[in-house]
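Undergrad: Got a structure here, written out as structure tokens. Questions coming.
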Amino acid sequence: MIAAQEMPVRVRFAPSPTGFLHIGSVRTALFNWLFARQHRGVFVLRIEDTDTERSKPEYEKDIIDNFKWLGLNWDEGPDKGGPFAPYRQSERKDNYKKYLEQLIAERKAYYCFCSKEQLEIDRQTMLSQGLPPKYIGRCQNLSKEEVETKRSAGEASVIRFLVPDSEVSFNDLVRGKVKFDSSLMGDIIIAKSINEPLYNFAAIVDDELMQITHIIRAEEHLSNTPKQILLQQALGFRELKYAHIPLILNPDRSKMSKRYLESSVSDYRAQGYLPEAIINFLTLLGWHPKDDKEIFGMEEIVKEFDIKRVQKAGAIFNIEKLDWINSQKIRQMPNSEIAVLLEPFLKEKNITASKEFVEKVVAVERERMKTLRGFIEIADFFFSLPDYDVNVLAWKNEPLSDAKEALLESEKIIGDIHEENFIKEIITEALQEFVEKRGRGWVFWPLRVSVSGKQASPDPMVIMEILGKKETLSRIKKGIDKINSYTA
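Just so we're aligned, residue 54 is where the sequence shown starts under the numbering used here, counting upward by one.
Next comes the structure, spelled out in structure tokens:
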């Protein structure tokens, strides 16, 4: 046998297009991609679409589109081709049929005609005896003639693999030495028919023919590994290396809720998370760098990643951590680039503004942004003055008449500033004497609310500079009008 480690590294990610690409699957694909890039190997995208009822073209498109968006480029795949094409299992059925026939001919697999009712009776009997439930081999010794007679009569059947009683062991790159007692398995079903292979069988055939060397996958697949190793041995296939990465857990260490794990990548994308942030976050979900660094660029991740530093214990999914990483990535980007990324989110809210104006707003709000969509929530007042309660204009317990007086005087002072000089420093200087006379809060509070419609906002001087003189005066007048209408 040729050992996997003697060959160039080839890994694969093999999603089933039965739903939209979710975040848990991306973490698995990412670890494969990083391993391949670090070892200058090949990353293969293989579509496992043998479930004809649930597999849909739109799901495959979603997988491919989102991987491209994330920057996880593959070397071989259904859209790129490669030396071991095709890369969809639905187009590889002749391969599976060939090896199924070989196992049957060598009496390492057989047709099973047991009904669901009979299997359930056997299962309950074993449980009542305190035995682990497994198939008892009822159809193991049927002759060729008996099999043909039953098949000719149209009896329903499946194909089972004759599991030898032995200990199956392998060295997992994450978990170390792992052992299984195959006598507890029973003969497993590997195909619904000669033309309908199931996952465990189709996967090992493809892994062999595509010269895959390492299988890096989620821990929940650990129980499939001994079955696949036994099938590989029965067919004389190569030995592979395995790495089972940890489960993703909630912050309380309970099993990961579907709310996050099975949220599609498209959902996170629509919320305004950056691909760089998702990659950075998922890299740290079960893997630790040598130091305490938490923000990485893609090149750094490839350089630093080491499969031996993947932890065995479950990885905590903390949405606050993702928000923080996303905010850090936003802060690293130029305002102009953020403005471009914001375009679809602004369009969605029917907000029309020049790129220059958006960049100015970004410069002020970027420190408070967690996501691109969140920008709209914190900066919406720049684009349209929201409605607000007139009483909010009053500073502390002062009467609204004081707020009106503050706005009228501010309106007069600001109106005297030339348009070309309408910047923060000059506005502040122009209001300084008034502020010293009446008090900072007394002047600035109603001014802040009138120009933003909010009680919490950036510096009102900065807001006014971005809005410009005309819009600033318009908003101050609206505040005055609100008070007049309320007190009339």
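In this text, a Cβ means the ideal position worked out from N, Cα and C, and glycines have one as well.
Is Asn224 helix, strand or coil when you go by DSSP?
TA: In the sequence shown, residue 224 corresponds to position 171, counting from 1. DSSP places Asn224 in strand when its eight states are reduced to three.
Undergrad: Does Ser108 pass the burial test, meaning 16 or more other C-beta atoms within 10 Å, or should it be called exposed?
TA: Position 55 of the sequence shown holds residue 108. It is buried - the Cβ of Ser108 has at least 16 other Cβ atoms within 10 Å.
Undergrad: Alpha carbon to alpha carbon, how far is Lys413 from Lys477? Give it in angstroms, no decimals.
TA: Against the sequence shown, residue 477 aligns to sequence position 424. Against the sequence shown, residue 413 aligns to sequence position 360. Spanning the two alpha carbons is a distance of roughly 13 Å.
Undergrad: Rounded to whole angstroms, what's the CA-CA distance from Phe137 to Thr81? Just pull it up for me.
TA: What you label residue 137 is simply residue 84 of the sequence shown in a count that begins at 1. What you label residue 81 is simply residue 28 of the sequence shown in a count that begins at 1. Rounded to whole angstroms, Phe137 to Thr81 spans 22 Å at the Cα level.
Undergrad: Does DSSP put Asp234 in a helix, in a strand, or in coil?
TA: Looking up residue 234 in the sequence shown gives position 181. Three-state DSSP puts Asp234 in a strand.
Undergrad: Can you tell me whether Ala271 is helix, strand or coil according to DSSP?
TA: What you label residue 271 is simply residue 218 of the sequence shown in a count that begins at 1. Strand.
Undergrad: Report yes if the CB atom of Arg145 is closer than 7 Å to the CB atom of Val95, and no otherwise.
TA: Stepping through the sequence shown from its first residue, residue 145 is reached at position 92. Stepping through the sequence shown from its first residue, residue 95 is reached at position 42. Cβ atoms of Arg145 and Val95: not closer than 7 Å.
Undergrad: Count the CB pairs spanning the stretch 321-330 and the stretch 122-132 that are closer than 8 Å, and state whether there are at least three.
TA: Segments in contact, yes.
Undergrad: For Ile229, which beta-bridge partners are listed by DSSP?
TA: Counted from its first residue, the sequence shown places residue 229 at position 176. For clarity, residue 229 is Gly in the given sequence; the question names Ile instead. BP columns for Gly229 point to Asp225.
Undergrad: To which residues does DSSP link Arg65 through a beta bridge?
TA: Counting from 1 along the sequence shown, the entry for residue 65 is found at position 12. BP columns for Arg65 point to Val97.
Undergrad: Name the residue from Ile174, Lys280 and Thr266 whose alpha carbon lies nearest to the alpha carbon of Ile242.
TA: Along the sequence shown, one-based indexing puts residue 242 at 189. Minimum Cα distance to Ile242 is reached at Lys280.
Undergrad: Output the residue ranges of the alpha helix (DSSP H) runs that lie fully inside the stretch 120-205 and measure 4 residues or longer, sorted by chain position.
TA: List check, alpha helix (DSSP H) in window: 146-158, 169-181 and 197-205.
Undergrad: Please state if the CB of Leu484 and the CB of Ile466 are separated by a distance shorter than 7 Å.
TA: By one-based count along the sequence shown, residue 466 stands at place 413. By one-based count along the sequence shown, residue 484 stands at place 431. Cβ atoms of Ile466 and Leu484: closer than 7 Å.
Undergrad: Can you give me the start and stop residues for the beta strand (DSSP E) that Val211 sits inside?
TA: Walking along the sequence shown from the start, residue 211 turns up at place 158. First-last of the beta strand (DSSP E) with Val211: Val211 to Phe214.
Undergrad: Hey, Leu215 and Ala255 are a contact pair by Cβ (cut 8 Å); roughly how many whole angstroms apart?
TA: Along the sequence shown, read from residue 1 onward, the residue named residue 215 stands at position 162. Along the sequence shown, read from residue 1 onward, the residue named residue 255 stands at position 202. Between Ala255 and Leu215 the Cβ distance is about 18 Å, and since that is not below 8 Å, they are no contact.
Undergrad: Between which two residues does the beta strand (DSSP E) holding Lys245 run?
TA: Along the sequence shown, one-based indexing puts residue 245 at 192. Counting along the chain, the beta strand (DSSP E) containing Lys245 begins and ends at Ile242 to Ser246.
Undergrad: Output the distance between the C-alpha atoms of Ile429 and Lys382, rounded to the nearest integer angstrom.
TA: Start at 1 with the first residue of the sequence shown, and residue 429 comes out as number 376. Start at 1 with the first residue of the sequence shown, and residue 382 comes out as number 329. C-alpha separation (whole angstroms): 18 Å.
Undergrad: For the stretch 434-468, list the alpha helix (DSSP H) runs that are entirely contained and at least 4 residues long, ordered along the chain.
TA: Listed in chain order, the complete alpha helix (DSSP H) runs (minimum 4 residues) inside the stretch 434-468 are 453-468.
Undergrad: For the alpha helix (DSSP H) containing Lys402, list its first residue and its last residue.
TA: As a first step, residue 402 must be located in the sequence shown, where it is residue number 349. Premise fails: Lys402 is in no alpha helix (DSSP H) and is neither H nor E.
Undergrad: Just to check my reading of the structure: Phe166 and Lys203 have Cβ atoms closer than 8 Å, yes? What is that Cβ distance to the nearest angstrom?
TA: For the purposes of this step, residue 166 is taken as the residue at position 113 of the sequence shown. For the purposes of this step, residue 203 is taken as the residue at position 150 of the sequence shown. That pair is a contact at about 5 Å.
Undergrad: So, helix, strand or coil for Gly492, using DSSP?
TA: Here residue 492 refers to the residue found at position 439 when the sequence shown is read from its first residue. Reduced to three states, the DSSP call for Gly492 is coil.
Undergrad: Indicate the three-state DSSP secondary structure (helix, strand or coil) for Ile369 in the structure shown.
TA: For this step, residue 369 is matched to residue 316 along the sequence shown. Correct three-state label for Ile369: strand.
Undergrad: Out of Glu462, Ser389 and Gly492, point me to the one whose CA is closest to Ile533's CA.
TA: Sequence index remark: in the sequence shown, residue 533 carries index 480 (1-based). Comparing Cα positions, the closest option is Glu462.
Undergrad: Return the residue from the list Pro217, Gly367 and Val227 that minimises the CA-CA distance to Phe233.
TA: Against the sequence shown, residue 233 aligns to sequence position 180. Cα-wise, what sits closest to Phe233 is Pro217.
Undergrad: Taking only the alpha-carbon atoms, compute the straight-line gap between Arg93 and Phe436 and give it to the nearest angstrom.
TA: Counting from one through the sequence shown, the residue named residue 93 turns up at place 40. Counting from one through the sequence shown, the residue named residue 436 turns up at place 383. Spanning the two alpha carbons is a distance of roughly 49 Å.
Undergrad: Within its chain, find whatever has a CB closer than 6 Å to the CB of Arg491; leave out the 5 residues flanking it on each side and keep chain order.
TA: Here residue 491 is taken as the residue at index 438 of the sequence shown, counted from 1. No residues qualify anywhere along the chain.
Undergrad: From Asn388 to Leu399, what does the alpha carbon distance come to, in whole angstroms?
TA: The residue you call residue 388 lines up with position 335 of the sequence shown. The residue you call residue 399 lines up with position 346 of the sequence shown. Between Asn388 and Leu399, the C-alpha separation is close to 15 Å.
Undergrad: If you run the structure through DSSP and keep just helix, strand and coil, what is Ala541?
TA: The residue given as residue 541 occupies position 488 in the sequence shown. Ala541: coil per DSSP, three-state reduction.
Undergrad: So Tyr321 is in the alpha helix (DSSP H); what residue range does that whole segment cover?
TA: Translated into positions along the sequence shown, residue 321 becomes position 268. Element bounds for Tyr321: Val318 to Ala323.
Undergrad: Can Leu74 and Ile116 be called in contact, C-beta distance under 7 Å?
TA: Indexing the sequence shown from 1 puts residue 74 at position 21. Indexing the sequence shown from 1 puts residue 116 at position 63. Yes, they are a contact pair.
Undergrad: Under the three-state reduction of DSSP, which class applies to Lys308: helix, strand or coil?
TA: The residue given as residue 308 occupies position 255 in the sequence shown. Lys308 falls in the strand class under three-state DSSP.
Undergrad: What is the DSSP secondary structure of Lys507, counted as helix, strand or coil?
TA: Translated into positions along the sequence shown, residue 507 becomes position 454. If DSSP states are grouped into helix, strand and coil, Lys507 belongs with coil.
Undergrad: DSSP on Ile391, reduced to helix/strand/coil?
TA: In the sequence shown, counting from the first residue as 1, residue 391 sits at position 338. In this structure, Ile391 counts as helix in the three-state DSSP scheme.
Undergrad: May I ask you to check if the CB of Asp469 is nearer than 6 Å to at least one heavy atom of the ligand MN?
TA: In the structure on display, the ligand MN does not appear, and there are no ligands present to speak of.
Undergrad: Just to confirm the assignment, what range does the beta strand (DSSP E) spanning Lys423 have?
TA: Counting from 1 along the sequence shown, the entry for residue 423 is found at position 370. Lys423 -> no beta strand (DSSP E), and no H or E assigned at all.
Undergrad: Can you say whether Ile536 is buried or exposed, counting buried as having 16 or more other CB atoms within 10 angstroms of its CB?
TA: In the sequence shown, counting from the first residue as 1, residue 536 sits at position 483. When all chains shown are included, Ile536 counts as buried.
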